[in-house]
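Residue numbers (the numbering used here): 5 to 232.
Taking it in order: structure first as structure tokens, then the write-up.
Here it is in structure tokens:
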């Protein structure tokens, strides 16, 4: 597990700058378009944020540089309506989605504050990506926004195709293998459940106290026999 993630020793280095450094492969076509074009009115990013971590911070920064206002869509917003995906069935399991939409919104806002952003720089919305026909209720229309994605696996490819089918222009910020991830929500959740403090260096500073409180809530729920 240590060898796969790598970043457990120095994940906090992300706050030294916006560059992803030697990890991963930025998409050349996207980088060329970014240099040649003006900033777009709205940019959209999508994520479960279970929890918000430094890998998400890198993603948000890269997208924010390419638009005037960033719309941050939280996927699987309703934990009572989780739907499994053939590409990654575990993604929609209850134990992989312990934090509520409210808790994730609070963590996203905390991470954005750590970036120095104001509420006018971004907007947090639900984004039920597993129900594409509902996305139009929450996201800007395709003619006003570009969706920015990062791809690590087949689910990332599927998500990109779904958004393109809805008429969105979708730009891939980078493609990486799972081993090239900055950090992993899976390992952070495991550390929280094990009572390990290792997760702290893999989330932004203002997220730490929130996640500490939410972790206590998870412990209380397990002790009373509630999921997750």
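For each residue, glycine too, the CB sits at the ideal point set by N, CA and C.
Among the options, nearest to residue i - alpha-carbon criterion
i           : options            : result
residue 56  : 186, 140, 174      : 186
residue 181 : 156, 164, 161      : 156
residue 103 : 52, 127, 126, 45   : 52
residue 63  : 73, 178, 213       : 178
residue 218 : 175, 135, 193      : 193
residue 172 : 147, 159, 105, 195 : 147
residue 211 : 70, 69, 84, 119    : 119
residue 2   : 216, 183, 184, 205 : Residue 2 is absent from the model: the chain starts at 5 and stops at 232.
residue 221 : 199, 60, 204, 138  : 199
residue 126 : 69, 190, 138, 82   : 69
residue 4   : 99, 170, 82        : What the structure shows of the chain is the stretch from 5 to 232, and residue 4 is not part of that stretch, so it cannot be assessed.
residue 65  : 100, 161, 117      : 117
residue 72  : 48, 84, 85         : 48
residue 121 : 61, 159, 163, 97   : 61
residue 139 : 168, 213, 98       : 168
residue 135 : 97, 152, 85, 99    : 85
residue 99  : 213, 214, 190      : 190
Cβ distance (whole Å) where residue i is taken to contact residue j below 8 Å
i           : j           : result
residue 114 : residue 208 : 7 Å
residue 166 : residue 133 : 7 Å
residue 175 : residue 154 : 10 Å between Cβ atoms; not a contact.
residue 58  : residue 67  : Not quite, the Cβ-Cβ distance comes to about 15 Å (not below 8 Å), so this is no contact.
residue 46  : residue 144 : 5 Å
residue 54  : residue 101 : 6 Å
residue 163 : residue 83  : Contact doesn't hold; Cβ gap of about 19 Å is too wide.
residue 195 : residue 205 : Not really, about 11 Å apart at Cβ, beyond 8 Å.
Endpoints, alpha helix (DSSP H) assigned at residue i
i           : result
residue 196 : 189 to 198
Residue-level contact to chain D via CB, residue i, 8 Å cutoff
i           : result
residue 201 : The displayed structure is made up of one protein chain only, and chain D is not part of it.
task = Any chance you could list the alpha helix (DSSP H) runs of at least 4 consecutive residues sitting entirely within the segment 119 to 185, in chain order?
result = You should have 158 to 169.
key: Inside the segment 46 to 81 only - alpha helix (DSSP H) runs reaching at least 4 residues   = Runs of the alpha helix (DSSP H) lying entirely within the segment 46 to 81 and spanning at least 4 residues, in chain order: 58 to 68.
request  = Determine, using beta-carbon pairs with one atom in the segment 72 to 82 and one in the segment 97 to 109, whether at least three such pairs fall under 8 Å.
outcome  = Contact between the segment 72 to 82 and the segment 97 to 109 is present, because at least three Cβ pairs lie under 8 Å.
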